[in-house]
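Peer 1:
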Amino acid sequence: MYVAVKGGEAAIRNAHALLAKKRRGEESVPEIGLDQIAGQLSLAVDRVMAEGSLYDRELAALAIKQARGDLIEAIFLARAFRTTLPRFGASVPVDTGAMRIERRISATFKDLPGGQVLGPTFDYTHRLMDERLATHASDADAPRQLAPSPRAGEGWGKGEERREADATPAAPMPRVTDLLGGEGLIEPSPADDGTPPRDLTREPLSFPADRPLRLQALARGDEGFLLALGYSTQRGYARTHPFVGEIRFGTVEVSLPVEELGFAVPLGDIAVTECQSVNQFKGSATEPPQFTRGYGLVFGQSERKAMSMALVDRALRFKELGEEKSAPSQDEEFVLSHCDNVQATGFVEHLKLPHYVDFQAELDLIRRMRAEAEAPDEMKEAAE
Amino acid sequence: MAIPALAVPALAAGFADPVHDAQRSFAAVMRAMSEPGLPVPLASDLDPPAPLSREAAACALALLDYETPVFLDAALSAAPAVAAFLRFHTGAPVVDDPAAARFAFIADAAALPDFGAFAQGEPDYPDRSATLIVQVSDFGTGAIVLEGPGIKGRRSFSAAPLPSDLPARLAANRALYPLGIDLILTAPGGVLGLPRTVKPVMED
Amino acid sequence: MNAPVTASSMPAITYNFAYLDEQTKRMIRRAILKAIAIPGYQVPFASREMPMPYGWGTGGVQVTAAILGADDVLKVIDQGSDDTTNAVAIRTFFETTAGVATTTRTQDATIIQTRHRIPEAELKAGQTIVFQVPIPEPLRYLEPRETETRRLHALADYGLMQVKLYEDIARHGHIATTYAYPVKVEGRYVMDPSPIPKFDNPKMNDSPALQLFGAGREKRIYAIPPHTQVVSLDFEDHPFKVQAFKEPCALCGATGVYLDEVILDDKGGRMFVCSDTDHCSTRQAEGHTGTMSAPYQEAAHD
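Chains as they are written, first to last, in my numbering: chain S, 743 to 1126; chain Y, 30 to 233; chain C, 210 to 511.
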């Protein structure tokens, strides 16, 4: 006698109860608060906001908590919530030139108007475990000196000194690409021809995809995937000779045009990281050579993502810039079809769903083929 | 959808139960398109401005929104309240160029425009074609015999008023397959689908 | 999932009937109508992120959510069974978000959402079966580029597929495709029937029910209207054949149905039972028995 196994609602309920218990962890330890996640795991929150394409620190913190710290799961939660929200319209483009800067560095100029502003960065820290963070007591201590002092004679830290010395808002810092553009040394930003960009989340992706659509996909694309692709361009797979013209991180104002009022109403500030790369120049018989550029913009502070995005954006522009196609990073169908980690994780992980009906079909076929292979020729050994 | 107050002169109401009325209307249209030539009941308590029929209005409210440019025939265009009703309840842009429309509403079925005026789809994307919603006064059986997907054997229907060359036009539309337009006929109390797959059986 | 978020400033989170907002439903409904008008052609649609992972039925769930009405009776199966975990999760999703009646009985359902099977009982006019589809493009494993496969469909150029099937025959003496076996719809579009075993392919032909296919991650919807010709691709000298099982179901004695192999021990002991659990339990209720039947008991449902 045999009783068939049933998945059953009870089993699922029990699994979910166990999950909730595991999420909570040891009950004698205080439960983590959303304010703690938003405040102390802020880069995790930034990543969830960026790849979840939903700018809300509290919801992102909730998602991280609910996902037990699994960021792709948290991104998925953010996306699934985002998709249910009504749309009120499209904001006017944010002006990163008017960004309230927290960090701004250029790798192409030693010093430049506004200076190099280090801001909160892991760069130059010695990656040594700081045992003092293991105790709450360390909170009260002065932070250990982990960064070397700014090097004399360079622009490093100048902007910060200025900001600390001067309580009034800093003057806007011109973008490096604008400075180069003033001399005509770099291709200009594409002109706004008034065509509203297509919306990746409201219409199915079709190819060829134009640059606004590609940038949308990259902006919500998986950081690790873009990092690897960007890295591959540096190793010769569609090399683009990049310089980091500038990385800036800070807040920009978002405003929504209201037709009845005839002007745009500010909605608030969001934190973004922008990376503009300055790449190999192009010229022709009729046009003098100019540097080209790649662009990256992400919610929150994520230089790794913004830089990777700029590298991949530049690689994807190969056709428009008359370059050879030779590498995966240039293949928009490959890049855009696989950069979304919510899609990717779903399809990879769906392999753990039952497939026994199809497997049965394969079993049947392979047994039949083996039987046929063995039957006609008795001399043949069972190849095992 | 914000509309300046002046532009709203006592507009006819939309669905009483937007979620479920839209679902019921769609379900009738889906059934009609999957079983071409079969009149499918569609109850609508809408009271749209004439000459838009309540069944056509139910189709409009179930299917149109800001993503679907809509074309109105001369009879419907002549009544500005119709466009105002559709714009208010669906947000669909009303277009003058039939080729730019995803949906077209035809109140004067006897003067059914040439199908070639509408988007036929593209070889890579045959779905990018127009759907025509055509108001007739009633459905019956007999006059036009159809074959094709959704029909076991053959099915016959009649509807009036319609141009006498409708079977020939349907056959010409079928010849373009997989391109072509799709038709939804509406009559009091029902809808009837004529997707591009229908093959009129001539001389039967 | 309906519990409001109570923390601080967060507004209560509420969802529409059947989860999707009305604009999304309209967009999907329009895609469904075009899919019905062009049987077998994959209509692109702006698939939404759903609260279950891509690859776990988001396409089917979106199609079901778009067509589902308050009076519908829903059945959800995975691998032919109402009780597999994913089937339970999806059924619960619609019970929670739409409050619709659900059933495990094929003949009582107005909508059947399925993954990997078509029920054994013949479907009826008025029923709609919604397939969850992972890779809707039948040519995808032969040509990974969407731009190319779209072109091939436009030209009705299916030579690649014929070559692939023929290579199978050359190498194995058989067409080695056992599931997701390609079909041609109304003599025009080659279509992926989703990963159902080829055993189920003949059920698609001339079915009285409406068949809808949703691929969420790949953002495609396609359809087969009732009474539409669906032909499995084959060759004159290698005609299409479905799997046949040597023994009947060990629980209900059914023959001519698709069976799951269950491994009983590590000594080669195995049994075969109906993959369609509703079909099997209906037969058992009618008194049919197999070699390993337990005395029949009313199924206890929780």
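Ideal placement from N, C-alpha and C gives every residue a C-beta, glycine not left out.
The structure presented is a predicted model; accordingly, all values stated were derived computationally and were not measured.
Can you pull the DSSP bridge partners for residue 225 of chain C?
Peer 2: As a working mapping, residue 225 of chain C is identified with position 16 in the third sequence. DSSP, once it has assigned bridges, lists C/228 as partnering residue 225 of chain C.
Peer 1: What residue from Y/51, Y/134, Y/93 and Y/195 has the CA that sits closest to residue 117 of chain Y's CA?
Peer 2: Translated into positions along the second sequence, residue 117 of chain Y becomes position 88. Minimum Cα distance to residue 117 of chain Y is reached at Y/93.
Peer 1: With burial defined as no fewer than 16 other Cβ atoms inside 10 Å of the residue's Cβ, what is the status of residue 756 of chain S: buried or exposed?
Peer 2: Taking the first residue of the first sequence as position 1, residue 756 of chain S is located at position 14. The residue is exposed, with fewer than 16 neighbouring Cβ atoms inside 10 Å.
Peer 1: From what residue to what residue does the alpha helix (DSSP H) around residue 109 of chain Y run?
Peer 2: The residue you call residue 109 of chain Y lines up with position 80 of the second sequence. 109 to 119 is the extent of the alpha helix (DSSP H) around residue 109 of chain Y.
Peer 1: Evaluate residue 231 of chain Y with the Cβ neighbour count: other Cβ atoms within 10 Å of its Cβ, from every protein chain shown; 16 or more gives buried, anything less gives exposed.
Peer 2: What you label residue 231 of chain Y is simply residue 202 of the second sequence in a count that begins at 1. Flag for residue 231 of chain Y reads exposed.
Peer 1: So if I threshold CB-CB distances at 8 angstroms, which residues from the segment 222 to 249 of chain C count as touching chain Y?
Peer 2: Those would be 225, 226, 231, 232, 234, 235, 236, 238, 239, 240, 241, 242, 243, 244, 245, 246, 247 and 248, in chain order.
Peer 1: Would you tell me roughly how many angstroms separate the C-alpha atoms of residue 127 of chain Y and residue 148 of chain Y, rounded to the nearest one?
Peer 2: By one-based count along the second sequence, residue 127 of chain Y stands at place 98. By one-based count along the second sequence, residue 148 of chain Y stands at place 119. For residue 127 of chain Y and residue 148 of chain Y, the distance between alpha carbons rounds to 8 angstroms.
Peer 1: Mind listing the chain C neighbours of residue 754 of chain S? Cutoff is C-beta to C-beta under 9 angstroms, in chain order.
Peer 2: In the first sequence, residue 754 of chain S corresponds to position 12, counting from 1. Result: 294, 297, 298 and 301.
Peer 1: Can you list the residues of chain Y that residue 276 of chain C reaches, using a CB-CB cut of under 9 angstroms?
Peer 2: Locating residue 276 of chain C in the third sequence gives position 67, where the first residue counts as 1. Chain Y residues near residue 276 of chain C: 52, 55, 56 and 59.
Peer 1: Are there three or more Cβ pairs, one per stretch, closer than 8 angstroms when the segment 835 to 851 of chain S is compared with the segment 985 to 1002 of chain S?
Peer 2: Judged by Cβ distances under 8 angstroms, the segment 835 to 851 of chain S makes contact with the segment 985 to 1002 of chain S, as three or more pairs qualify.
Peer 1: Residue 992 of chain S by DSSP, collapsed to three states: which one?
Peer 2: Residue 992 of chain S sits at position 250 when you count from the first residue of the first sequence. Strand at residue 992 of chain S.
Peer 1: If we define contact as Cβ-Cβ less than 8 angstroms, is residue 346 of chain C a contact residue for chain S?
Peer 2: Translated into the one-based positions of the third sequence, residue 346 of chain C becomes position 137. For residue 346 of chain C, the answer is no, since every Cβ of chain S falls outside 8 angstroms of its Cβ.
Peer 1: Please report how far the alpha carbon of residue 69 of chain Y lies from the alpha carbon of residue 466 of chain C, in whole angstroms.
Peer 2: Here residue 69 of chain Y refers to the residue found at position 40 of the second sequence. Here residue 466 of chain C refers to the residue found at position 257 of the third sequence. Roughly 35 angstroms separates the two Cα atoms.
Peer 1: State the DSSP-derived secondary structure class of residue 447 of chain C, mapped to helix, strand or coil.
Peer 2: Taking the third sequence and counting its residues from 1, the one referred to as residue 447 of chain C is at position 238. Reduced to three states, the DSSP call for residue 447 of chain C is strand.
Peer 1: Would you verify that the beta carbon of residue 1099 of chain S is, or is not, closer than 8 angstroms to some beta carbon of chain C?
Peer 2: As a first step, residue 1099 of chain S must be located in the first sequence, where it is residue number 357. Closer than 8 angstroms: yes.
Peer 1: For residue 868 of chain S, count neighbouring Cβ atoms within 10 angstroms of its own Cβ and tell me buried if that reaches 16, exposed if not.
Peer 2: As a first step, residue 868 of chain S must be located in the first sequence, where it is residue number 126. So residue 868 of chain S ends up on the exposed side.
Peer 1: Just to confirm the assignment, what range does the beta strand (DSSP E) spanning residue 147 of chain Y have?
Peer 2: Taking the second sequence and counting its residues from 1, one reaches residue 147 of chain Y at position 118. Where residue 147 of chain Y is concerned, there is no enclosing beta strand (DSSP E), given that its DSSP letter is neither H nor E.
Peer 1: So, under 8 angstroms CB-CB, residue 425 of chain C and residue 236 of chain C are touching, yes? Tell me the CB distance rounded to an integer number of Å.
Peer 2: For the purposes of this step, residue 425 of chain C is taken as the residue at position 216 of the third sequence. For the purposes of this step, residue 236 of chain C is taken as the residue at position 27 of the third sequence. Wrong, their Cβ atoms sit about 13 angstroms apart, outside the cutoff.
Peer 1: Could you pull out every residue in the same chain whose Cβ sits closer than 6 angstroms to the Cβ of residue 229 of chain C, ignoring the five residues on either side in sequence?
Peer 2: Taking the third sequence and counting its residues from 1, one reaches residue 229 of chain C at position 20. Contacts found: 274.
Peer 1: Please classify residue 199 of chain Y: does DSSP put it in a helix, a strand, or coil?
Peer 2: As a working note, residue 199 of chain Y is residue 170 in the second sequence. If DSSP states are grouped into helix, strand and coil, residue 199 of chain Y belongs with the helices.
Peer 1: Can you tell which of C/300, C/309 and C/404 has its C-alpha closest to the C-alpha of residue 281 of chain C?
Peer 2: Walking along the third sequence from the start, residue 281 of chain C turns up at place 72. Checking every option, the nearest Cα to that of residue 281 of chain C belongs to C/309.
Peer 1: If you measure beta-carbon to beta-carbon, which residues of the segment 82 to 99 of chain Y are closer than 8 angstroms to chain C?
Peer 2: Listed by position along the chain: 91, 92, 93, 94, 96 and 97.
Peer 1: For chain C, is any of its Cβ atoms less than 8 angstroms away from the one on residue 750 of chain S?
Peer 2: The count along the first sequence starts at 1 and reaches residue 750 of chain S at position 8. Answer yes: the Cβ-Cβ gap between residue 750 of chain S and chain C drops below 8 angstroms somewhere.
Peer 1: Tell me, please, whether the segment 797 to 811 of chain S touches the segment 768 to 787 of chain S by the rule of three or more beta-carbon pairs shorter than 8 angstroms.
Peer 2: The segment 797 to 811 of chain S, when compared against the segment 768 to 787 of chain S, does touch it at the 8 angstroms Cβ threshold.
Peer 1: Taking only beta-carbon atoms, is residue 1077 of chain S less than 8 angstroms away from chain C?
Peer 2: Here residue 1077 of chain S refers to the residue found at position 335 when the first sequence is read from its first residue. Residue 1077 of chain S does not count as touching chain C.
Peer 1: Would residue 445 of chain C be called buried (16 or more neighbouring beta carbons within 10 Å of its own) or exposed?
Peer 2: Counting from one through the third sequence, the residue named residue 445 of chain C turns up at place 236. Looking at its Cβ environment, which holds fewer than 16 other Cβ atoms inside 10 Å, residue 445 of chain C is exposed.
Peer 1: With distances taken between CB atoms, is the gap from residue 328 of chain C to residue 497 of chain C smaller than 8 angstroms?
Peer 2: Reading the third sequence from its first residue, position 119 is the one you call residue 328 of chain C. Reading the third sequence from its first residue, position 288 is the one you call residue 497 of chain C. No, the pair does not count as a contact, with Cβ atoms beyond the cut-off.
Peer 1: Beta-carbon separation of residue 1041 of chain S and residue 791 of chain S under 8 angstroms?
Peer 2: For the purposes of this step, residue 1041 of chain S is identified with residue 299 of the first sequence, where counting begins at 1. For the purposes of this step, residue 791 of chain S is identified with residue 49 of the first sequence, where counting begins at 1. Yes. Within cutoff.
Peer 1: Within the continuous beta strand (DSSP E) that includes residue 423 of chain C, where are the two ends?
Peer 2: As a working mapping, residue 423 of chain C is identified with position 214 in the third sequence. Residues 419 to 424.
Peer 1: Going by DSSP in three states, residue 217 of chain Y sits in which element: helix, strand or coil?
Peer 2: Residue mapping note: residue 217 of chain Y aligns to position 188 of the second sequence, counting from 1. Of the three classes helix, strand and coil, the one that applies to residue 217 of chain Y here is coil, per DSSP.
Peer 1: On a CA-only basis, which of S/962, S/1073 and S/1113 is nearest residue 818 of chain S? Give me that one, please.
Peer 2: Taking the first residue of the first sequence as 1, we reach residue 818 of chain S at position 76. Of the candidates S/962, S/1073 and S/1113, the one whose C-alpha sits nearest the C-alpha of residue 818 of chain S is S/962.
Peer 1: From the DSSP output, read off the bridge partner residues of residue 1018 of chain S.
Peer 2: For this step, residue 1018 of chain S is matched to residue 276 along the first sequence. DSSP, once it has assigned bridges, lists S/988 and S/1037 as partnering residue 1018 of chain S.
Peer 1: Find the residues of chain C that neighbour residue 1103 of chain S, judging by a C-beta separation of less than 8 angstroms, and give them in chain order.
Peer 2: Position 361 of the first sequence holds residue 1103 of chain S. In chain order: 387, 388, 406, 407, 408 and 452.
Peer 1: Going by DSSP, name the residue or residues bridged to residue 88 of chain Y.
Peer 2: On the second sequence, position 59 is the one that residue 88 of chain Y refers to. DSSP, once it has assigned bridges, lists no residue as partnering residue 88 of chain Y.
Peer 1: Quick check on residue 43 of chain Y - is its C-beta less than 8 angstroms from some C-beta in chain C?
Peer 2: Locating residue 43 of chain Y in the second sequence gives position 14, counting from the first residue. With 8 angstroms as the cut-off, residue 43 of chain Y does not count as an interface residue toward chain C.
Peer 1: When you compare only the Cα positions, how much space is there between residue 947 of chain S and residue 366 of chain C?
Peer 2: Here residue 947 of chain S refers to the residue found at position 205 when the first sequence is read from its first residue. Here residue 366 of chain C refers to the residue found at position 157 when the third sequence is read from its first residue. The straight-line gap from Cα to Cα measures roughly 24 angstroms.
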